Structures are given as C-alpha cells and as structure tokens.
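The block underneath contains the structure these notes are about, expressed in structure tokens.
Protein chains: 2
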Amino acid sequence: MYDRIKGFRDFYPPEMAARREVIDTVEDAAQRYGFREIGTPALEDAAMYADKSGEEILEELYSFEDKGGRDVALTPELTPTVARMVVARQQALSKPIKWVSTRPFWRYEQVQQGRFREFYQTNIDVFGSREPIADAEVLAVAADALDALGLTGEDFEFRVSHRDVLGALLDTFEADVDRRAAIRAVDKRAKVEEAAYIDMLVDAGLGIDQARQFDEVLVAGTDDLGAVREFATSETLDAALDNLEAVLDAAADLGVSEQCNLSLTTARGLDYYTGVVFECFDSTGEVSRAVFGGGRYDDLIESFGGPPTPAVGVAPGHATLGLLCQRAGVWPEESIATDYYVLQVGDTRPVAARIARDLRERGHVVETDLSDRGFGGQLDYADSINSETVVIVGEQDLANDEVTIKDMASGDQTQVPVEAFPGAHDRPTFDDFA
Amino acid sequence: MYDRIKGFRDFYPPEMAARREVIDTVEDAAQRYGFREIGTPALEDAAMYADKSGEEILEELYSFEDKGGRDVALTPELTPTVARMVVARQQALSKPIKWVSTRPFWRYEQVQQGRFREFYQTNIDVFGSREPIADAEVLAVAADALDALGLTGEDFEFRVSHRDVLGALLDTFEADVDRRAAIRAVDKRAKVEEAAYIDMLVDAGLGIDQARQFDEVLVAGTDDLGAVREFATSETLDAALDNLEAVLDAAADLGVSEQCNLSLTTARGLDYYTGVVFECFDSTGEVSRAVFGGGRYDDLIESFGGPPTPAVGVAPGHATLGLLCQRAGVWPEESIATDYYVLQVGDTRPVAARIARDLRERGHVVETDLSDRGFGGQLDYADSINSETVVIVGEQDLANDEVTIKDMASGDQTQVPVEAFPGAHDRPTFDDFA
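Protein sequence lines, in the order shown, are assigned to chains A and B. Mapping of the first sequence onto full-length UniProt numbering: position 111 corresponds to residue 111, and the numbering continues sequentially without gaps. Mapping of the second sequence onto full-length UniProt numbering: position 228 corresponds to residue 228, and the numbering continues sequentially without gaps.
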C-alpha cells in the first residue's frame with residue numbers, strides 16, 4: 001500500500017463535482033469577457049525563476065535536474081510562463097492578449113489550512129494595455145466570478161492599492177530606502193506585530209519616525225487619497241494617485257465599485273508588480289489570509305526579452321476560494337447526480353441497451369447494471385447514485401411490450417409502451433406518463 | 001528569453017479551443033455512462049512505479065528526490081494512482097466505481113510525431129465488476145466518443161484480444177515459456193521484422209517451430225476463434241475464449257459490434273493487463289501506432305494491498321487522437337469565437353458597460369475596448385476576434401437614445417433604441433431589429 005505525498009490531494013467524485021462547478025464558474029466569468037483558454041507546461045527551465053528571484057527560490061520549488069541534465073522546476077506560478085509565451089509570439093499575437101487557464105502549481109512549503117504543495121489556480125491576464133479600464137476589467141471578472149458563486153458584498157471585499165503610490169511616497173523621505181524591502185514590510189503589516197513591522201521598515205532604510213509617519217499616511221490615505229496628496233507631492237506620486245483613481249472610476253463604470261475598497265496598506269508580496277495591486281479578503285475575517293490577489297506587472301515581459309508590454313492579471317486560488325465559499329455557505333453540494341438508471345431483469349439486455357442509448361443520445365447521464373445484480377440490488381445501487389428516474393426493463397413487462405418508469409423521489413411508478421420511451425420526450429419522467 | 005523544455009508544449013487559444021472541444025467530447029461520452037470525474041496528483045512515490053516495473057523504469061520517468069528526501073516521480077500514467085485511491089477508500093466506495101479524468105502525464109522519452117514528454121490522456125476506468133458487460137461498456141464509451149468527434153467505422157477500428165488466450169495458448173506448448181516476454185513479443189509483432197519477432201518468441205522459451213505454430217494459430221484465430229479451440233483445449237483457454245466471446249456479444253448489444261474486430265495478435269505492452277485487451281487503430285494506416293488502448297487489469301488493486309477488485313479501462317491519448325481526427329478531417333477549427341463587441345466612441349462608457357454587462361448576463365462572450373482605440377481600430381479588432389455582432393455606442397447615436405447594431409458577416413447595420421437593447425432578446429442580432 002502506497003501513501004500519497006504530503007501536501008498533495010486526491011479528489012473523489014463528490015468533492016470533485018463541487019470543485020468542477022466552482023472552477024467552471026470562475027472560468028466562465030472570464031470567458032464572457034473574451035478571455036481565451038491556453039494550455040501550459042508543468043515544467044520550465046529553473047533559470048526562469050532563479051534569474052528573477054535568486055537561486056534561493058529554488059529551495060521553495062520542486063526543482064531538479066532531469067535525465068538530460070537540464071535544471072528544471074515544477075511551475076510554482078503561471079506568470080513567468082505566460083510572459084515567456086507572449087515573448088515567443090510577440091509579432092503574431094494581436095493586442096490586447098486576454099488569457100485564462102486553470103491548472104495545478106507546486107511549491108515545496110509548509111502545509112497548512114488552505115495551503116498545499118499542489119494547489120490549483122485560475123489565471124486571468126491581459127497583456128498589451130496600460131489603460132485603467134484593463135485593470136478595472138480584471139477586477140470586474142473577479143467580482144463577476146464571486147457573484148456567480150453566490151458570494152455577495154457581505155462576504156468579501158477587494159482591497160485596492162498602487163505600488164507606485166507606496167514607492168513614490170517612500171521617495172519623498174530623506175532616506176536611502178530599499179523600496180522592495182519596504183513594500184514587503186507593508187505586505188507583512190497585518191501578519192506581524194506592529195513593532196516588528198516598524199522594525200522591517202527601519203531595516204529597509206527609513207528612520208523610526210519616518211516609518212511611523214509613512215504608516216500614518218498609508219492609513220489616512222486609505223480613507224481619502226487627498227491625505228496622501230496633502231502629505232507630499234511629486235510627479236510620480238501624482239501620476240500614481242491619478243492612475244489609482246482612474247482605475248476605481250473605471251471599476252465603478254463596470255459596476256464593481258461596491259466590492260472595491262481603497263487600502264494603501266495592501267502591497268502584495270511578489271516583486272514584479274508595478275501599478276495597481278489588489279487582494280480579495282473575507283469580510284468576516286474568518287479566512288484570515290488574502291483569498292487571492294492580482295495587479296499590474298508592466299515590466300515583466302520586457303525583462304523576459306520582449307518589447308515593452310503592459311500587463312495586469314488576477315489568479316484566484318481554489319483552496320482559499322473554497323474556504324471562503326464554505327464559510328459563506330455557498331460551496332456546492334458534494335454529491336453525484338444521475339438522470340436515469342435502466343434496470344434490467346432477465347434476458348432483456350438488447351432492449352435495455354437501446355433505451356440507455358436513446359437517453360444518452362439526448363445528453364443524459366444513464367447507468368445500467370455492470371455487476372449482475374438482482375432487482376433489489378440494482379434499485380439500491382440506483383438510489384446510491386441519486387438516480388432521478390429508474391426505467392425497469394423486465395421480462396414480464398416486455399411480454400406486454402411495456403417498461404416501467406419509476407420516480408425515485410416519490411416512489412411512484414407507471415407502465416408505458418416500450419416503443420413510447422423515450423419517444424419524442426427530451427427528458428421523459430414519471431410525470432410525462434402518469 | 002527563455003525556451004520551453006523539449007517535449008513540452010504551449011497551447012495558444014485557437015489550438016487550445018480545438019483541443020478543449022475534443023477533450024470535452026471524450027469526457028462527455030464517459031459522463032453519459034455515469035463515469036464521475038476525479039482529481040489526482042502530479043507527483044507520486046517513485047516506489048509505486050519501481051516496485052512494479054523495476055528500478056530501471058525510473059530512467060524513463062521524471063523522477064527525483066524532493067527537498068524532504070522523498071523519491072518521487074511525475075506520474076507517467078494514471079492506473080497506479082487510481083489503484084492507490086481505490087485501496088485508500090476500499091470500504092467507503094460503492095461498486096462499481098466508475099471514474100474519468102483528463103490531465104497531463106510525463107515520460108522522459110524520445111520525442112517523435114504524436115509523442116511528447118508531456119502528454120494528455122482521458123482515463124476511463126471501472127472497478128469492481130468482472131462481468132463482460134463492464135469491458136463492453138468501456139469499448140462503448142470509446143466508440144461513442146469517437147462517433148461524437150465525427151469519426152466513423154471508415155476511420156478507425158478496435159482490435160480486441162484477450163491476454164489469457166495468449167497465455168493459455170502458450171501453456172499448451174511443451175516448453176518453459178516466459179509468458180510476459182512472449183506477450184511483449186506479440187505486442188511488437190507489427191513493429192519489427194518477422195524474423196526478429198520469431199527470435200523474440202524463441203528468446204521467451206518457444207522452439208522455433210513452436211513460435212511459428214503459435215503465430216499461425218493467432219492469425220487463424222483472428223478470423224475465427226474456432227481455430228484456436230481446434231488447435232488446443234484447456235480449462236483456462238476455454239474460459240478465456242468464452243470470456244472474449246461474451247465481451248464481443250455484450251459490445252454488440254451496446255451497438256458497437258461494427259467497430260470491434262477480433263485480433264489475437266494484439267497484446268498491449270503493459271504487464272498489468274489480465275483479460276480482454278484492445279487497441280484503437282486508424283483504418284487507413286496513416287497513423288501507424290495504436291491511437292490508444294485499454295483492457296482488463298484484475299490483479300492490480302490486490303497487488304496494491306487492496307481486496308481482490310477486478311478492473312477494466314481505456315485511456316485515449318490526445319496527441320494520437322488528434323492525429324487521427326486531423327487525418328480524418330474532423331479536427332475542430334482552430335479559431336476563437338466572440339458573440340459581441342461593444343464599440344464605444346466618445347464619452348459613452350457607462351452605457352456601453354451596461355450593454356456589455358446585460359449581454360454577459362445572458363451568457364455571451366463580449367469584448368469591449370481596453371486599448372483606447374478609435375472607431376476604425378476597434379472595428380478591426382472586433383473583426384480579428386471573429387465578433388458576430390458589433391454594438392456601436394456613439395455619442396451622436398446616444399443623443400437620440402439609440403445604438404447601432406452591426407452584423408459583421410454581411411456588414412448590415414441598423415439603429416435601435418438604447419433601452420430596447422438587449423431588451424427581451426436572449427441573443428439579439430441585426431435580424432431582430434432590421
């Protein structure tokens with residue numbers, strides 16, 4: 001007997017049915033906006049990750065040397081892969097490029113609630129537009145997906161910020177600040193003690209008073225961007241604030257203003273973000289980590305050797321999204337559904353097979369006996385797979401050219417001429433013949 | 001600039017759309033028979049493969065030691081994984097267990113036409129039934145899937161054989177035969193010179209005359225199983241022949257007799273098959289390898305530490321299936337489809353956004369401008385994404401409370417009151433307003 005690997009999961013049919021419903025709902029929201037599905041490899045050149053984030057990132061990945069001596073890694077995220085794909089066909093692809101896909105990713109990290117070593121994300125990205133409407137469309141897709149799942153503004157909020165607001169604010173301090181380190185500190189703000197957070201800002205180069213001042217303006221600016229404009233001005237800060245306001249305006253036009261809240265203390269951990277960033281949070285705070293996040297990464301394609309290509313995206317992760325749905329009571333029922341069970345008694349297989357075939361041709365889920373069971377055993381099995389209707393094809397009935405239609409919810413049944421079933425009915429039930 | 005890894009593929013939207021259509025069609029065929037989707041991990045304990053096939057198998061896999069010192073392998077096939085999952089929940093799962101899933105697998109092997117290092121399969125398996133109807137149902141699902149793809153009996157055939165017919169026949173020779181080696185020789189029969197094939201049988205323990213005799217009876221038995229019964233009798237041979245005939249009879253009841261041809265020279269390469277085996281071949285011979293195959297593997301679950309659990313399955317591979325579809329001219333068109341483009345001119349975004357939202361709520365694919373393009377640029381873009389209908393929301397029209405509906409195929413257009421669009425129409429087109 002073998003065990004599955006820690007942090008990896010098996011999904012049996014009832015749970016998988018619920019997961020599939022959620023995945024389909026999220027993908028469908030993106031597809032309605034014209035995002036097109038792509039297919040991507042599970043392995044990439046390990047240098048693709050090490051070059052950006054340093055060799056030490058490989059310790060957190062499933063990286064190894066393949067039989068041909070290549071250093072490869074199981075993809076921990078999709079963004080570098082789609083950047084590579086955009087660069088590879090940069091001439092042929094018309095802009096904007098709008099892509100969606102759902103697949104597993106892998107990281108060798110600590111397993112905890114909602115965090116696994118194999119985890120599934122739906123990635124939704126726009127390449128080739130730097131307009132605020134592109135950021136807003138990504139927010140709108142995410143909001144539509146959550147809405148279609150049955151979640152409301154009571155359940156979640158998008159906290160929206162802007163990397164350049166943080167960066168330009170930091171530049172207004174007379175200090176030699178490591179901007180990346182300071183932004184990472186902001187990203188950790190809600191996860192660590194205040195003193196530790198201030199220490200991180202000081203480590204990034206701010207004086208202790210500057211760190212406190214910086215945090216105060218982030219908090220004040222979350223209520224009102226005017227507070228930031230009053231605190232300092234610079235060309236980049238003004239441009240960033242204007243861009244952030246334009247994105248929120250465009251989001252309002254797209255009908256998602258209620259879900260979006262300004263939050264300058266939101267930073268996102270990844271280094272490659274450049275403009276608007278946002279995170280989805282559980283409004284009740286029961287799912288304490290960000291459910292998912294996204295943002296603008298205008299420099300990544302160029303850093304992969306492509307032409308300057310602005311980009312913005314979001315990537316709902318299905319583990320935390322599932323926790324949010326469960327908390328809000330909208331996780332789909334974990335069960336399997338069957339339209340018909342065709343119950344065969346005696347030497348009636350050709351007729352039973354014909355009926356099953358006719359029902360399947362109409363698109364229904366139809367099971368028949370594979371286990372040589374008797375009447376009672378088959379009825380129990382039909383019940384166990386939640387059959388709505390059972391069609392009983394028995395020798396005695398057939399002698400009268402009839403079959404029996406049984407409604408499993410009520411237990412009601414009736415005989416119908418075998419030639420009349422399914423007849424002209426698209427989805428015949430007991431009621432059609434009673 | 002990074003390259004993708006050899007033997008791995010990127011799928012851009014037009015090709016992915018065609019692939020998705022084929023995958024959905026195959027899965028849908030299985031789901032109509034009540035096969036339920038499962039989700040499975042990409043990595044497994046490497047011992048799961050090495051224990052069955054020897055350490056040398058790991059050279060053909062993407063196997064490595066993870067950061068925690070585990071010997072792991074990227075899954076080269078699904079069967080060991082589903083066997084592990086059946087064993088893990090053997091008490092809770094009601095029989096028969098009918099599972100389907102589509103996902104990538106990985107093997108470190110030579111790349112050639114229709115063979116990649118990352119390849120996609122739809123696995124369809126039944127556990128817990130040893131009845132011939134279960135084998136027949138698996139054949140019927142495969143036949144229904146190919147039929148739904150537009151393939152006919154002119155395009156493909158299933159060559160059906162039985163492992164125990166081969167085994168029991170070998171037992172009738174007075175020789176010390178390595179059965180696995182002999183069966184592997186039969187599997188190679190069509191791929192090597194006749195002399196090499198006979199040599200392989202001799203290496204497996206048959207005398208040279210016995211090898212020729214064995215092959216003659218396989219060929220004669222392919223026309224008529226009676227020839228096998230005449231050549232030799234034994235309890236296991238008779239039982240195997242009876243089982244093979246019962247499966248073909250059941251397949252006929254399920255309406256797939258035309259697609260199934262007896263072929264005792266079909267053996268399947270994998271060691272774990274125990275009963276009926278079959279391979280799908282291109283009837284024209286243009287796709288020279290088997291398109292896919294399947295069969296019965298009654299001993300695998302027990303060898304994984306579970307209770308005796310008969311099993312039968314099939315696994316269409318999407319690379320060779322794609323070649324067959326292309327050869328037969330039924331590969332789906334590689335293009336993207338868009339229902340509506342909402343073209344916005346001037347300061348009309350709130351109205352354009354409302355119209356786009358209403359159309360998306362009706363389930364349609366709707367794009368709008370993300371690139372601040374003018375009228376002509378937007379119309380070109382709408383054309384490039386194959387929009388069926390363009391809704392033009394212009395300032396002048398709006399001053400008259402109208403929008404323009406343009407049919408992209410004909411170029412015809414008409415004005416309609418903005419409040420009437422989309423109105424009560426589920427899928428409004430130019431024709432609804434002309």
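Cβ coordinates follow ideal geometry from the N, Cα and C atoms, glycine included. Quick caveat: nothing in here was measured; it's all calculated off a predicted structure.
Would you say A:GLY128 and A:LYS95 are within 7 Å of each other, going by their C-beta atoms?
-> yes
Could you have a look at B:SER410 and say whether DSSP puts it in helix, strand or coil?
-> coil
Using Cβ-Cβ distances below 8 Å, what residues of the stretch 38-55 of chain B are close to chain A?
-> ILE38, GLY39, THR40, PRO41, ALA42, LEU43, GLU44, ASP45, ALA47, MET48
Indicate whether at least one CB of chain B lies closer than 7 Å to the CB of A:ASP242.
-> no
Mind reading off the beta-carbon distance from B:ALA251 to B:ALA136? Whole number of angstroms is fine, and I expect it under 8 Å.
-> 4 Å
Chain B contacts from the stretch 318-351 of chain A (Cβ-Cβ distance under 7 Å) | ILE336, THR338, ARG349, PRO350
Please confirm if B:MET408 has its CB atom under 7 Å from at least one CB of chain A.
-> no
Rounded to the nearest angstrom, how far is the Cβ of A:VAL165 from that of A:LEU244, given a contact under 8 Å?
-> 6 Å
What is the rounded straight-line gap between the Cα of B:SER410 and the Cα of B:GLU154?
-> 38 Å
Within the same chain, show all residues whose beta-carbon is closer than 7 Å to that of residue 435 of chain A, passing over the 5 residues directly before and after it, in chain order.
-> Outside the modelled stretch of chain A, which goes from 1 to 434, sits residue 435 of chain A, for which no answer is possible.
Relative to the alpha-carbon of A:ARG360, which residue among A:PRO350, A:ARG327, A:PRO422, A:PRO308 has its alpha-carbon at the smallest distance?
-> A:PRO422
Helix or strand or just coil, what does DSSP make of A:ASN243?
-> helix
Give the straight-line distance between the Cα atoms of A:GLN396 and A:LEU379, rounded to the nearest whole angstrom.
-> 18 Å
Near A:ILE208, what residues of its chain come up, given a Cβ to Cβ distance below 6 Å and the 5 sequence neighbours on each side ignored?
-> VAL202
Contact check, B:ALA17 vs B:GLU334 under 8 Å by CB: the rounded distance?
-> 7 Å
Where B:ALA353 meets chain A, residues with beta-carbon distance less than 8 Å | ASP253, LEU254, GLY255
Nonlocal neighbours in the same chain, by C-beta distance under 7 Å from B:TYR197, ignoring five residues either side | ALA185, LYS188, ARG189
The ligand ZN heavy atoms versus the CB of A:ALA142: any closer than 6 Å?
-> Of ligands this structure carries none, so the ligand ZN is not represented either.
Under the rule that 16 or more other beta-carbon atoms within 10 Å means buried, what is A:ASN386, buried or exposed?
-> exposed
Beta-carbon separation of A:PRO310 and A:ARG130 under 7 Å?
-> yes
Option in B:PRO308, B:GLY376, B:PRO332 with minimal Cα separation from B:THR25 | B:PRO332
For B:LYS98, which three-state DSSP category applies?
-> strand
Between the CA atoms of A:ARG159 and A:SER234 - distance to the nearest angstrom = 24 Å
Quick one: using the 10 Å Cβ neighbour count with 16 as the cut-off for buried, is B:MET408 buried or exposed?
-> buried
Using a Cβ-Cβ cut-off of 7 Å, state whether B:ILE5 counts as contacting chain A.
-> yes
With A:ASP203 as the anchor, note down where its alpha helix (DSSP H) starts and where it stops.
-> 194-203
Extent of the continuous alpha helix (DSSP H) run through residue 435 of chain B | No answer is possible for residue 435 of chain B: the residues shown for chain B start at 1 and end at 434.
Taking Cβ-Cβ distances shorter than 9 Å, what residues in chain B pair up with residue 470 of chain A?
-> Nothing can be reported for residue 470 of chain A, as the shown portion of chain A is limited to 1 through 434.
Selection from B:PRO316, B:VAL276, B:GLU60 that minimises the alpha carbon distance to B:THR265 | B:VAL276
Which residue or residues does DSSP assign as beta-bridge partners of B:ARG354?
-> B:ARG354 pairs with nothing; no bridge assigned.
A:ALA142 lies in the alpha helix (DSSP H); which residues open and close that run?
-> 132-148
So what does DSSP say about A:ILE183, is it helix, strand or coil?
-> helix
For A:SER94 and chain B, any beta-carbon pair shorter than 7 Å?
-> yes
Quick one: which chain A residues come within Cβ less than 8 Å of B:SER384?
-> SER94
Does A:VAL365 have its Cβ less than 7 Å from a Cβ in chain B?
-> yes
What do you get for A:GLU44, buried or exposed, if any count of 16 or more other CB atoms within 10 angstroms of its CB means buried?
-> buried
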